[in-house]
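A short write-up of the structure that comes next.
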Amino acid sequence: MIKHFLNLEWKAFFRSASFGKSLGIKIFMGFMALYFMGFFLVGGFFLDKILEKIYPKIDLITAFTGLIFFWILGDLLFRFFFQKLPVMSVKPLLTLPVNRSKIVHYVLGKSALSFFNFLPLFAIIPFGIKLFFKDYPSSSVLILILALIVTTLIINFLNFIIESFSAQTELSFLPVILITGGLFALDYFNIISFNSLVSSAYTAIYESPILILGLVLILGVLYIFNYKLLHKKLFLDSGLKTEVKEVKASNLEWTKSFGDIAPFMQLDLRLIWRNKRTKSSVWMLGLGLLYGLFFYPQPVYQDKTFFFIFIGIFSTGIFLINFGQFVPAWDSGYYKLLMSQNIKYEQYLKSKFTLMALSVVILFVLGIPYVYFGWKILFAHFAAAIYNIGVNTHVILWGGSFNRKKIDLSQKAAFNYQGTGAVQWLIGIPLLLLPMILFAILNWLVSFEIACIVLIVMGVLGIVFHQKLMRFITEKYLESKYKMIDAFDQEN
Numbered sequence: 159m160i161k162h163f164l165n166l167e168w169k170a171f172f173r174s175a176s177f178g179k180s181l182g183i184k185i186f187m188g189f190m191a192l193y194f195m196g197f198f199l200v201g202g203f204f205l206d207k208i209l210e211k212i213y214p215k216i217d218l219i220t221a222f223t224g225l226i227f228f229w230i231l232g233d234l235l236f237r238f239f240f241q242k243l244p245v246m247s248v249k250p251l252l253t254l255p256v257n258r259s260k261i262v263h264y265v266l267g268k269s270a271l272s273f274f275n276f277l278p279l280f281a282i283i284p285f286g287i288k289l290f291f292k293d294y295p296s297s298s299v300l301i302l303i304l305a306l307i308v309t310t311l312i313i314n315f316l317n318f319i320i321e322s323f324s325a326q327t328e329l330s331f332l333p334v335i336l337i338t339g340g341l342f343a344l345d346y347f348n349i350i351s352f353n354s355l356v357s358s359a360y361t362a363i364y365e366s367p368i369l370i371l372g373l374v375l376i377l378g379v380l381y382i383f384n385y386k387l388l389h390k391k392l393f394l395d396s397g398l399k400t401e402v403k404e405v406k407a408s409n410l411e412w413t414k415s416f417g418d419i420a421p422f423m424q425l426d427l428r429l430i431w432r433n434k435r436t437k438s439s440v441w442m443l444g445l446g447l448l449y450g451l452f453f454y455p456q457p458v459y460q461d462k463t464f465f466f467i468f469i470g471i472f473s474t475g476i477f478l479i480n481f482g483q484f485v486p487a488w489d490s491g492y493y494k495l496l497m498s499q500n501i502k503y504e505q506y507l508k509s510k511f512t513l514m515a516l517s518v519v520i521l522f523v524l525g526i527p528y529v530y531f532g533w534k535i536l537f538a539h540f541a542a543a544i545y546n547i548g549v550n551t552h553v554i555l556w557g558g559s560f561n562r563k564k565i566d567l568s569q570k571a572a573f574n575y576q577g578t579g580a581v582q583w584l585i586g587i588p589l590l591l592l593p594m595i596l597f598a599i600l601n602w603l604v605s606f607e608i609a610c611i612v613l614i615v616m617g618v619l620g621i622v623f624h625q626k627l628m629r630f631i632t633e634k635y636l637e638s639k640y641k642m643i644d645a646f647d648q649e650n
């Protein structure tokens with residue numbers, strides 16, 4: 159049966175409509191994997207030298223086990239954002255006489271072969287070999303290596319449990335942040351010394367190999383828990399039953415003052431607030447608004463006026479960047495229906511423009527207290543806001559005409575790269591780098607004030623020629639209309 163599963167996945171990979179695109183990404187990820195493998199290999203080879211230099215009076219094994227607690231926290235945090243439970247298309251199999259238990263065991267077994275589980279071995283094995291040459295007991299070193307391998311699998315299955323429960327929350331990354339951050343804080347403030355407990359436990363395993371059965375027992379419990387969790391969800395109708403919630407609807411009467419684009423604005427506002435992925439754009443507003451506090455209070459940045467414009471563009475344009483870069487992919491789930499209606503495409507795009515422009519104005523007004531750190535900062539933020547409204551809104555809408563990737567709005571927002579393509583990376587050049595470079599050159603050659611005025615003039619010109627720019631952008635969307643419909647119909 160395992161052979162059949164592997165054969166099905168092999169065919170699904172090569173017969174996928176997105177095979178050409180995903181192949182390029184996989185090649186890039188392969189190079190990244192080789193880089194990390196080499197990094198871990200070199201780190202493991204010199205780990206004994208590093209530990210002896212940092213802890214010259216501590217035994218090498220004790221120094222090494224003292225790092226395991228921090229490795230567990232870091233590995234758990236890293237896996238949560240980058241490792242996903244391996245899946246296969248199981249719905250067609252559920253109508254066939256295939257044992258569901260075998261499917262679940264296959265998926266869990268496949269997760270044990272993840273690259274994230276092999277990566278630590280490139281550091282652990284070289285370190286273990288160095289211990290052999292330093293005349294440490296061979297059997298004890300082997301048991302320690304085996305204990306670390308079991309620990310890696312424990313982290314693997316623990317990560318899936320955390321992901322499964324955190325997916326039910328809107329801010330899905332909070333549980334793992336609270337767990338890892340809480341454990342680290344308790345250890346750091348010496349409330350509970352988890353580092354000492356974990357170090358003592360692995361040192362005890364090194365000295366008494368029979369104690370490794372405790373780790374094996376923990377691994378078995380986590381495997382069984384994951385098995386039951388997946389087995390319970392493995393039904394054709396598992397996704398049909400939904401939790402009934404009381405919906406608090408808003409009539410959004412204030413949007414009617416915007417005329418014929420009001421219905422589209424209402425649609426966008428409801429979409430933003432009712433879905434996990436789009437709601438992240440709202441939560442990011444706080445980060446953008448407070449972004450300057452990471453830099454302005456520090457004296458080292460007071461003289462670097464060229465940096466003010468970057469903070470200004472990011473702070474006033476955080477919603478523009480997060481929301482705008484995925485226009486019209488936000489509507490990909492019903493884009494075909496939307497395009498079949500008797501609507502003007504220009505009105506549809508103007509509603510997006512209006513939302514982004516309003517967000518820039520609101521964020522600038524809320525950021526006025528930054529004047530406390532100097533009038534130049536407020537002036538730079540004002541120039542950045544005008545530039546965002548007049549230039550960046552049009553640039554990001556034009557870039558949206560090249561979007562071809564569907565977005566599942568129900569998926570969690572944290573480190574979710576669904577819908578992200580080359581467009582999202584390239585659009586950053588005119589969005590952030592161009593104004594920064596232009597501002598830095600003018601600030602260096604002429605003055606800070608002239609640099610700000612030039613950006614303001616560019617923004618004002620964008621606002622003056624808004625109608626012509628929107629007609630040009632609309633024509634670009636109409637040219638790509640059927641390509642988008644076809645692309646959004648496909649599962650990426």
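So for the sequence shown, my numbering puts the first residue at 159; every next one is plus one. Virtual Cβ for every residue (Gly too), placed ideally from N, Cα, C.
Taking the C-alpha atoms as reference points, what is the distance between A420 and H539?
29 Å
Report the rounded CA-to-CA distance for K179 versus I185, giving the unit in angstroms.
In this prediction, K179 has a pLDDT of 47, which is less than 50 and means its spatial position is unreliable; what the coordinates show is noted afterwards. Rounded to the nearest angstrom, the two C-alpha atoms are 10 Å apart.
Buried or exposed, going by whether 16 or more other CB atoms sit within 10 Å of the CB of G232?
exposed
Using C-beta distances below 6 Å, list every residue in its chain close to I614, excluding the 5 sequence neighbours before and after it, in chain order.
A541, I544
Three or more beta-carbon pairs under 8 Å between the segment 529 to 537 and the segment 504 to 511, yes or no?
no
Proximity of L302 and I363 at Cβ, strictly below 8 Å
yes
Can you round the beta-carbon distance between L445 and I476 to whole angstroms, since I take them to be within the 8 Å contact cut?
7 Å
Contact under 8 Å by Cβ, F238 with N317:
yes
How big is the Cα-Cα spacing for V200 and P284?
9 Å
Could you tell me whether the Cβ atoms of A305 and Y360 are closer together than 8 Å?
yes
Could you compute how far the alpha carbon of N314 sits from the alpha carbon of G372?
17 Å
Decide if G196 is buried, meaning its Cβ has at least 16 other Cβ atoms within 10 Å, or exposed.
exposed
Check whether the segment 466 to 473 touches the segment 590 to 604, taking contact to mean three or more Cβ pairs, one atom from each stretch, closer than 8 Å.
yes
Hey, how far is the Cα of V440 from the Cα of G620?
26 Å
Compare the beta carbon distance of V334 and I226 with 8 Å and say whether it is the shorter of the two.
no
Rounded to whole angstroms, what is the Cα-Cα separation between P486 and F347?
48 Å
Taking C-beta to C-beta, are F481 and M514 nearer than 8 Å?
yes
Run of the alpha helix (DSSP H) containing V518, from where it starts to where it stops:
503 to 524
Nearest to S638 by CA position, among P367, S559, L266, F422, is which residue?
S559
S498 to I643, Cα distance in whole Å?
11 Å
Are the beta-carbon atoms of Y506 and F646 separated by less than 8 Å?
no
Environment of N257 [buried if 16+ CB atoms lie within 10 Å]
exposed
Short of 7 Å in beta carbon distance, which residues of its chain neighbour G286, apart from the five on each side in sequence? Order them along the chain.
V299, I303
Whole-Å CB distance - V612 paired with L596, under 8 Å assumed
7 Å
Quick check on DSSP: helix, strand or coil for I301?
helix
Does A221 get closer than 8 Å to chain B when you measure Cβ to Cβ?
Although the question refers to chain B, the structure presented lacks it and comprises just one protein chain.
Determine whether the beta carbon atoms of G491 and S473 lie at a separation below 8 Å.
no
Could you name the residues of the same chain whose beta carbon sits closer than 6 Å to that of Y213, not counting the 5 residues immediately before and after it, in chain order?
A221
By the DSSP assignment, the alpha helix (DSSP H) with F647 in it spans what residues?
As written in the sequence, residue 647 is Asp, which differs from the Phe given in the question. That residue, D647, is in no alpha helix (DSSP H); it is neither H nor E in DSSP.
Let me know the secondary structure DSSP gives Q475 once reduced to three states.
With the sequence shown as reference, residue 475 is identified as Gly, and Gln is not the correct amino acid for it. Coil.
With a cut-off of 8 Å on the beta carbons, I'd call V518 and N561 a contact; round off their distance for me.
Actually they are not in contact, since the Cβ atoms of V518 and N561 sit about 21 Å apart, beyond 8 Å.
Secondary structure at K215, three-state DSSP: helix, strand or coil?
coil
Exposed or buried, what is E607 when buried is set at 16 or more other beta-carbons lying within 10 Å of its beta-carbon?
exposed
Can you give the Cα-Cα distance for S358 and F276, rounded to whole angstroms?
25 Å
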